[in-house]
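Line by line, the protein sequences are chains A and B. Read in order, the letters of the first sequence correspond to residues 425 to 652 in the numbering used here. Read in order, the letters of the second sequence correspond to residues 425 to 652 in the numbering used here. Virtual Cβ for every residue (Gly too), placed ideally from N, Cα, C.
There are 2 protein chains.
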Amino acid sequence: MDASTPTASSALVDETAAAIRARIMSGEIPIGAQLRQAELAKTLGVSRTPVREALRQLQTGGLIEVVPNRGAVVRVPAPWEVREAYEVRAELEGLACERAVRRLTRDSLAELRETNELLRPGDAPPNPASHAANDRFHTLIHQIAGNERLAKVIKEINEAFPRNVSALVLQEHPRHRDDNFAEHERILAALTAEDAETARREMLTHVLSAGEQLARWYERRSATVFKG
Amino acid sequence: MDASTPTASSALVDETAAAIRARIMSGEIPIGAQLRQAELAKTLGVSRTPVREALRQLQTGGLIEVVPNRGAVVRVPAPWEVREAYEVRAELEGLACERAVRRLTRDSLAELRETNELLRPGDAPPNPASHAANDRFHTLIHQIAGNERLAKVIKEINEAFPRNVSALVLQEHPRHRDDNFAEHERILAALTAEDAETARREMLTHVLSAGEQLARWYERRSATVFKG
DNA sequence: GATAGTGTTTTTGGATCCAAAATTGGGCAG
DNA sequence: CTGCCCAATTTTGGATCCAAAAACACTATC
Chain A
425 MDASTPTASS
435 ALVDETAAAI
445 RARIMSGEIP
455 IGAQLRQAEL
465 AKTLGVSRTP
475 VREALRQLQT
485 GGLIEVVPNR
495 GAVVRVPAPW
505 EVREAYEVRA
515 ELEGLACERA
525 VRRLTRDSLA
535 ELRETNELLR
545 PGDAPPNPAS
555 HAANDRFHTL
565 IHQIAGNERL
575 AKVIKEINEA
585 FPRNVSALVL
595 QEHPRHRDDN
605 FAEHERILAA
615 LTAEDAETAR
625 REMLTHVLSA
635 GEQLARWYER
645 RSATVFKG
Chain B
425 MDASTPTASS
435 ALVDETAAAI
445 RARIMSGEIP
455 IGAQLRQAEL
465 AKTLGVSRTP
475 VREALRQLQT
485 GGLIEVVPNR
495 GAVVRVPAPW
505 EVREAYEVRA
515 ELEGLACERA
525 VRRLTRDSLA
535 ELRETNELLR
545 PGDAPPNPAS
555 HAANDRFHTL
565 IHQIAGNERL
575 AKVIKEINEA
585 FPRNVSALVL
595 QEHPRHRDDN
605 FAEHERILAA
615 LTAEDAETAR
625 REMLTHVLSA
635 GEQLARWYER
645 RSATVFKG
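Structure, rendered in structure tokens:
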């Protein structure tokens, strides 16, 4: 599914890492949870060895935190960390737009439009599929931009914060959906007009506001946790 | 030495990873070399287990490549990969400058000036110490910028390419040294004037030209390897 | 002489073992 | 009843073991 995988690596370890990552990203393993090696090993049907190596990979990605003799926990991102990360991401996605303008084809532009149509407000209530379409919109632009390192870095930032899709969808305001769609449309318009500077600026503000939403979600979440 | 270390982690593994990384970055372990686990374990005085986990970390960082049942090799970066990475890095260092302008203090500006004085042409021939000063100039700006994620991403890109300092120093043209110093001076001037836009632009072109140098080094290197 | 096939050796990868550190639970004292 | 300390249990981390895969070398055959 992912053509940008740089190295095939040792099957089991990467599968294990991917499986654990998926569980964390989806919220199945909640933020702050302890990751016991024996338990993971049993669940995934492997021995502790690949689990340990997988945890090491996830640690490097910043998704989990490993403390010396205490094991691994899913990192609890502070809102300011989200804002920092999204400021960086915004810059990079802006660069992607700028590059994309110079490499656009009619087909890729059409694909972008199709993808964004899936996000038009009113078609359906927010759901995991629309989240996927949202991701796809951005990923397409990265592909068009044609800089693998750029795509990789953005992906890495993206995967540093578990987003618990179902919970995010529930708290989503219609207002945010409308804004999101409108922002995408503005980006599309700028790309169509081959106006690199505008495309960059629109993408920058778009990503920053998306980051602000995510940061707020984390703020609300931590408030909720204390109250029960 | 590095206050931004997010997790202390399990001592041995991280020490092992750091040791291997250092050997690769310095050129002691050359580009393209095979990394045999048993050999590394013996050299570093540990068992194979921490070595394996360390290799996994380095793999995630992109410094080495691990193929399924064939082991690990130091990645051989193609020049186009260096150019891609440095285009991203340039953008990020530009952002760092922009942010730095709004957070500068007299002390930090003075420290930047001192550091750059060590790079003034004519003082001494290029050497590892001047390379360190060069790194420091950039790191200081990242610190002033005050965005940990930004610093982390730049560091990560930087550590993806072994630079073999001694070899780089030898091939360095005086011309490059002069340019490098002059570019730093222009950045300093823009920072002093609190001109964010200029600082960003100067840093962008500076990093791009540094990347071009590195890419050319890799080009020359691969040409050399074939001839013997 | 070159090439294909086979047996040996080396090396990786997964599983298991053992010791050390941390958490937990219970008991004892204040 | 509360707090502290010590023992038992759990869990991590490093080392070792074993099987499978790959590299290598040798031989036999065309």
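For residue i, which residues from the same chain have a beta carbon less than 8 Å from its beta carbon, with the 5 sequence-adjacent residues on both sides left out?
{"i": "Glu643(B)", "result": "Pro503"}
{"i": "Arg472(B)", "result": "Gln461, Ala462 and Ala465"}
{"i": "Ala634(A)", "result": "Tyr510 and Asn604"}
{"i": "Leu632(B)", "result": "Tyr510, Glu511 and Ala514"}
{"i": "Val506(B)", "result": "Phe585, Gly635, Leu638, Ala639 and Tyr642"}
{"i": "Arg527(A)", "result": "Ile568, Ala569 and Gly570"}
{"i": "Asp602(B)", "result": "Pro545"}
Measure from the alpha carbon of residue i to the alpha carbon of each residue in the options, then state which is nearest.
{"i": "Pro586(B)", "options": "Leu436(B), Ser471(B), Arg445(B) and Gly518(B)", "result": "Arg445(B)"}
{"i": "Glu439(B)", "options": "Pro474(B), Glu596(B) and Gly570(B)", "result": "Pro474(B)"}
{"i": "His562(A)", "options": "Arg494(A), Lys579(A) and Ile455(A)", "result": "Lys579(A)"}
{"i": "Leu564(B)", "options": "Asn551(B), Glu511(B) and Glu535(B)", "result": "Glu535(B)"}
{"i": "His608(A)", "options": "Thr648(A), Glu596(A), Asp559(A) and Pro492(A)", "result": "Asp559(A)"}
{"i": "Gly485(B)", "options": "Ala617(B), Asn493(B), Val498(B) and Ala613(B)", "result": "Val498(B)"}
{"i": "Thr616(A)", "options": "Ser532(A), Thr467(A) and Gly518(A)", "result": "Ser532(A)"}
{"i": "Glu511(B)", "options": "Gly570(A), Ala620(A) and Leu628(A)", "result": "Gly570(A)"}
{"i": "Ala614(B)", "options": "Ala478(B), Arg507(B), Glu626(B) and Ala606(B)", "result": "Glu626(B)"}
{"i": "Glu572(A)", "options": "Arg624(A), Ala524(A), Ala634(A) and Val470(A)", "result": "Ala524(A)"}
{"i": "Arg513(A)", "options": "Val577(B), Leu638(B), Ala639(B) and Ala435(B)", "result": "Val577(B)"}
{"i": "Gln567(A)", "options": "Thr622(A), His597(A), Ala584(A) and Cys521(A)", "result": "Cys521(A)"}
{"i": "His600(B)", "options": "Arg640(B), Gly456(B) and Ala478(B)", "result": "Arg640(B)"}
{"i": "Gly495(A)", "options": "Pro501(A), Arg507(A), Glu505(A) and Glu477(A)", "result": "Glu477(A)"}
{"i": "Asn551(A)", "options": "Ala575(A), Leu479(A), Leu592(A) and Leu528(A)", "result": "Leu592(A)"}
{"i": "Asn540(B)", "options": "Glu505(B), Ser554(B) and Asn582(B)", "result": "Ser554(B)"}
{"i": "Leu516(B)", "options": "Leu574(A), Leu528(A), Ser633(A) and Ala634(A)", "result": "Leu574(A)"}
{"i": "Thr529(B)", "options": "Glu618(B), Phe605(B), Pro598(B) and Val506(B)", "result": "Glu618(B)"}
{"i": "Pro598(B)", "options": "Leu479(B), Arg507(B) and Pro545(B)", "result": "Pro545(B)"}
{"i": "Pro492(A)", "options": "Pro501(B), Leu436(B), Arg527(B) and Ala647(B)", "result": "Leu436(B)"}
{"i": "Glu596(A)", "options": "Pro549(A), Thr622(A), Leu487(A) and Ile611(A)", "result": "Pro549(A)"}
{"i": "Ala647(B)", "options": "Leu487(B), Glu508(B), Arg537(B) and Val500(B)", "result": "Val500(B)"}
{"i": "Glu538(A)", "options": "Gly456(A), His630(A), Thr622(A) and Leu612(A)", "result": "Leu612(A)"}
{"i": "Gly456(A)", "options": "Ile488(A), Ala606(A) and Gln483(A)", "result": "Ile488(A)"}
{"i": "Glu508(A)", "options": "Arg610(A), Ala606(A) and Asn582(A)", "result": "Asn582(A)"}
Within 7 Å (strictly less), CB to CB, does residue i reach chain B?
{"i": "Leu459(A)", "result": "no"}
{"i": "Thr484(A)", "result": "yes"}
{"i": "Asn571(A)", "result": "yes"}
{"i": "Val631(A)", "result": "no"}
{"i": "Leu574(A)", "result": "yes"}
Could you confirm whether any beta carbon from chain A is found closer than 7 Å to the beta carbon of residue i?
{"i": "Asn582(B)", "result": "no"}
{"i": "Glu607(B)", "result": "no"}
{"i": "Glu621(B)", "result": "no"}
{"i": "Leu638(B)", "result": "no"}
{"i": "Ala446(B)", "result": "no"}
{"i": "Glu508(B)", "result": "yes"}
{"i": "Leu628(B)", "result": "no"}
{"i": "Ala442(B)", "result": "no"}
Name the one or two DSSP bridge partners that residue i has.
{"i": "Gly495(A)", "result": "Val491(A)"}
{"i": "Leu459(B)", "result": "Ala496(B)"}
Using a Cβ-Cβ cutoff of less than 6 Å, which residues in the same chain neighbour residue i once the five nearest sequence positions on both sides are dropped?
{"i": "Leu542(A)", "result": "Ala557"}
{"i": "Gln481(B)", "result": "Ala441"}
{"i": "Asn588(A)", "result": "Gly451"}
{"i": "Arg447(B)", "result": "Ile453"}
{"i": "Glu636(B)", "result": "none"}
{"i": "Leu459(A)", "result": "Ala496"}
{"i": "Gly518(B)", "result": "Arg624, Met627 and Leu628"}
{"i": "Ala620(A)", "result": "Glu522 and Val525"}
Within the same chain, show all residues whose beta-carbon is closer than 7 Å to that of residue i, passing over the 5 residues directly before and after it, in chain order.
{"i": "Ala443(B)", "result": "Leu468"}
{"i": "Arg645(A)", "result": "none"}
{"i": "Thr622(A)", "result": "Ala614"}
Practice item. Name, going along the chain, the residues of the segment 514 to 536 of chain B whose beta-carbon falls closer than 8 Å to a beta-carbon of chain A. Key: Glu515, Leu516 and Leu519
Check your understanding: At a Cβ cut of 7 Å, what residues of the segment 466 to 482 of chain B count as close to chain A, listed as they run along the chain?
Key -> Arg476, Glu477, Arg480 and Gln481
Check your understanding: Between the segment 488 to 504 of chain A and chain B, which residues of the former have a C-beta closer than 7 Å to a C-beta of the latter?
Key -> Glu489, Val490, Val491 and Pro492
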